[in-house]
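Heads up: the sequence shown begins at 1 in full-length UniProt numbering, then just goes up one per residue. Think of the CB as a built atom: it goes at the ideal place given N, C-alpha and C, for glycine as much as any other residue. Have a look at the structure below before the remarks.
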Amino acid sequence: MKRFSLSISSDSARLKGVKITTKTLLLGLLWLASYATQAQEIIPLYAGPVPNSKASDVQETGAESGVLKGTTKPTLEYFKPATGKASGAAVIIIPGGGYGVVVYQGEGINIAKAMAEKGVAAFVLKYRLPSDAIMPDKKIGPLQDAQQAIKLVRENAAKWGIDASKVGIMGFSAGGHLASTAATHFEKAYVDNTSNTSLRPDFQILIYPVISMQDSLTHGGSRDNLLGKNPSRQDIDLFSNELQVQANTPPTYLTHAADDKLVDVDNSIVFFEKLRRQKVPVEMHIYPKGDHGFIFRHPGWIDPLFAWMKANNWLTK
Numbered sequence: 001m002k003r004f005s006l007s008i009s010s011d012s013a014r015l016k017g018v019k020i021t022t023k024t025l026l027l028g029l030l031w032l033a034s035y036a037t038q039a040q041e042i043i044p045l046y047a048g049p050v051p052n053s054k055a056s057d058v059q060e061t062g063a064e065s066g067v068l069k070g071t072t073k074p075t076l077e078y079f080k081p082a083t084g085k086a087s088g089a090a091v092i093i094i095p096g097g098g099y100g101v102v103v104y105q106g107e108g109i110n111i112a113k114a115m116a117e118k119g120v121a122a123f124v125l126k127y128r129l130p131s132d133a134i135m136p137d138k139k140i141g142p143l144q145d146a147q148q149a150i151k152l153v154r155e156n157a158a159k160w161g162i163d164a165s166k167v168g169i170m171g172f173s174a175g176g177h178l179a180s181t182a183a184t185h186f187e188k189a190y191v192d193n194t195s196n197t198s199l200r201p202d203f204q205i206l207i208y209p210v211i212s213m214q215d216s217l218t219h220g221g222s223r224d225n226l227l228g229k230n231p232s233r234q235d236i237d238l239f240s241n242e243l244q245v246q247a248n249t250p251p252t253y254l255t256h257a258a259d260d261k262l263v264d265v266d267n268s269i270v271f272f273e274k275l276r277r278q279k280v281p282v283e284m285h286i287y288p289k290g291d292h293g294f295i296f297r298h299p300g301w302i303d304p305l306f307a308w309m310k311a312n313n314w315l316t317k
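Now the structure itself:
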């Protein structure tokens, strides 16, 4: 069968046909698990007390399945670039899960291994899910962890052999909402930042992302978990990241399936248009079929991403 992808950048449009065989599909399903890359270090996100937290009896679960809940002590899991391939680039990977779980293995560890194989220092963020049980203000808890991750990686760039000007962020589904929040809300620090370290990601990679909290676009479960059942208009607008785009929003890569029944593709399309109008470099790849979570079914989805990173010199030593 043939699978067509519509690939759009802010200065070009092209149509591609890709032939997929059964053998290729099976190989693709095994692809992410094939790398021998191992995590080098698990790093506590905060050296001291976790901000915006309160005492609770919540316990983390899901380590066996790779789908986590109940994290109260966020971490970064570091995957070092393959020997001889280090580009100096780093990416903080934020798995999705509707702000209700964290798909840590499938959208975190597996992706980090693929990134490290290409020479990118990869850090999987195990972040706190928004919860009234563990934090006074659940709206900002995940954003605090994302900002702290950027701060931590940038401040330790020399230690890890990273170029501090090549620190990006990557998110899947609701993790894409968190990544795009970090990439559009960086001018206000939600964590202690007396060193004035830049909290702006140098690039953002968004995979079938939730972008908006507006009724017409949002994924209802993600919005309910983050903002509550009856959010204020102010919070809806603040966390609708298409409304927060400015000229200094980082260069962006978007990919989505047009038949996504969980997170409408218009999230990516609207974000693309806002970025383009602000003259932010942006590239978008839309597949007509694949539905939500297509990375688990479509081999080769990551190849255009690596091409984009190479073209922008993030894979250049």
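Extent of the continuous beta strand (DSSP E) to which residue i belongs
| i | result |
| --- | --- |
| I207 | Q204 to I207 |
| I93 | A90 to I94 |
| A257 | T252 to A257 |
| G290 | Here G290 belongs to no beta strand (DSSP E), and DSSP marks it neither H nor E. |
| F123 | A121 to K126 |
Own chain, CB closer than 7 Å to residue i, minus 5 neighbours either side, in chain order
| i | result |
| --- | --- |
| A148 | Before going on, a small fix: residue 148 reads as Gln here, not Ala. Counting only Cβ-Cβ distances below 7 Å, and skipping sequence neighbours, we find L45, Y46 and V191. |
Residue i versus residue j: straight-line alpha-carbon distance, rounded
| i | j | result |
| --- | --- | --- |
| H256 | Y287 | 6 Å |
| L315 | V91 | 11 Å |
| Y253 | T194 | 31 Å |
| D235 | L227 | 7 Å |
| V265 | G97 | 17 Å |
| K159 | K317 | 17 Å |
| L152 | G70 | 23 Å |
| D163 | N230 | 43 Å |
| S53 | Q244 | 27 Å |
Boundaries (first-last residue) of the alpha helix (DSSP H) holding residue i
| i | result |
| --- | --- |
| E117 | N110 to E117 |
| V270 | D266 to R277 |
| L152 | G141 to E155 |
Sequence-distant residues of the same chain with beta carbon closer than 6 Å to residue i, five excluded per side
| i | result |
| --- | --- |
| W301 | I295 |
| Y127 | P74, P142 and D145 |
| F203 | G168, P250 and P251 |
| K166 | G88, A89, D202 and W314 |
Residue from the options with nearest C-alpha to residue i
| i | options | result |
| --- | --- | --- |
| T72 | A116, A311, M135 and R297 | M135 |
| L129 | H292, P95 and M115 | P95 |
| A55 | A258, L125 and S131 | S131 |
| P250 | V280, K261, L152 and D259 | V280 |
| L206 | V50, T197, V120 and L178 | L178 |
| S173 | G220, N312 and R277 | G220 |
Close-in-space but distant-in-sequence residues of the same chain around residue i (CB under 8 Å, 5 per side omitted)
| i | result |
| --- | --- |
| F306 | K118 and L315 |
Reduced DSSP category for residue i - H, G, I as helix; E, B as strand; rest coil
| i | result |
| --- | --- |
| M135 | coil |
| Y35 | Here Y35 scores only 44 on pLDDT, less than 50, and its place in the model is too uncertain to base an answer on. |
| L30 | The predicted position of L30 is uncertain, since its pLDDT is 44 and thus under 50; a value taken from the coordinates is nonetheless stated next. Of the three classes helix, strand and coil, the one that applies to L30 here is helix, per DSSP. |
| I302 | coil |
| T181 | helix |
| M309 | helix |
| G168 | strand |
| E242 | helix |
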